[in-house]
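All the letters of the sequence shown, read from the start, carry residue numbers 1 to 224 under the working numbering.
This report refers to the structure that appears directly beneath it.
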Amino acid sequence: MRLLLLALLILVNSMSYAQDNDPVLFTVADDEIRLSEFKYIYEKNNSENADYSKESLEEYMELYSKFKLKVKRARSLGLDTVKVLKEELAGYRKQLAKSYLKDKEISERLINEVMERMMTDVEVQHIFVAAELKSSEAKKNSAKEKIYNMYDKLVTTNGAGFDEMAKTLSEDKQSSVKSGKLGYYTSPLPDGFYEFENAMYDLEPGQFSKPVRSKMGWHIIKVN
């Protein structure tokens, strides 16, 4: 019933409706936005407050359309070679799924933030201590203590031992053999890595961050 109501509200006076299970609701910059896609991001953002009112749907359509237009502009400027653009829709779904996007002003800031960051690749190293969100409290506390002890040691040496610490103490075995080097990253990072992303864009080359949390554990990030 809700799904049908959503389709009817958006498709009033529209000729784009297709008689299938996943109709095209509207088109932005030549990109077709289907019912399943819009329903997903709308419900994720609004959760129990997803009332499917005309006002709510129109506001959300405006937000989503604005982002798609900005992506179109980025491509027209030749930014389509930036690797994150290939995953821009999936990445933006994750951004839209955050509850803080309910505030329109914050929504605008985050959209602009993503667009600005998309233009820059950042070379990243990290030291990692695993502690998934589903881990026990004891595991989480132990991981936090471990990462902060490493951070304190780095502060005393002004970061001089970062590479060696990444090799010997980081729990990311794949990157530890390369002194914690992860390569080049670009916004938006996967869901659960927003603090990681903020840290890597806030740092100047050669600087390292305070410990930051992701859904996988704790990281000390260095930008080269």
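Beta carbons: idealized from backbone N, C-alpha and C, even for Gly.
Backbone secondary structure at residue i - three-state DSSP
i: F38; result: helix
i: Q174; result: helix
i: K134; result: coil
i: K210; result: coil
i: K215; result: coil
i: L63; result: helix
i: L169; result: helix
Classification of residue i by the beta-carbon crowding that lies within 10 angstroms, buried from 16 upward
i: Y184; result: exposed
i: V155; result: exposed
i: S36; result: exposed
i: M119; result: exposed
i: A143; result: buried
i: S136; result: exposed
i: L57; result: buried
i: L25; result: buried
i: G206; result: exposed
Spatial neighbours of residue i in its chain, beta-carbon cut-off 6 Å, leaving aside the 5 residues before and after
i: E197; result: S187, L189
i: K222; result: Q125, F162, F208
i: S214; result: G192, F193, F196
i: D121; result: Y184, T186
i: E204; result: none
i: K139; result: A131
i: E123; result: Y184, N224
i: E32; result: V24
Straight-line Cα distance separating residue j from residue i
i: Y60; j: S176; result: 43 Å
i: F128; j: M200; result: 14 Å
i: A166; j: G180; result: 5 Å
i: L63; j: F38; result: 11 Å
i: E171; j: A131; result: 10 Å
i: N224; j: E116; result: 19 Å
i: V212; j: K66; result: 31 Å
i: E55; j: A160; result: 55 Å
i: E164; j: K178; result: 10 Å
i: Y151; j: G217; result: 15 Å
i: I220; j: K210; result: 6 Å
i: L133; j: N158; result: 30 Å
Per DSSP, cross-strand counterpart(s) of residue i
i: I33; result: F26
i: G159; result: G159 pairs with nothing; no bridge assigned.
i: Y185; result: V122
i: F193; result: In DSSP, F193 forms no bridge with anything.
i: R117; result: Looking at the DSSP assignment, R117 forms no beta bridge with any residue, so it has no partner.
i: K222; result: Q125, F208
Own chain residues within Cβ distance below 7 Å of residue i, not counting five before or after
i: D80; result: Residue confidence is low: D80 scores 48 on pLDDT, short of 50, so the model does not pin down where it sits. No coordinate-derived value is stated.
i: K146; result: V129
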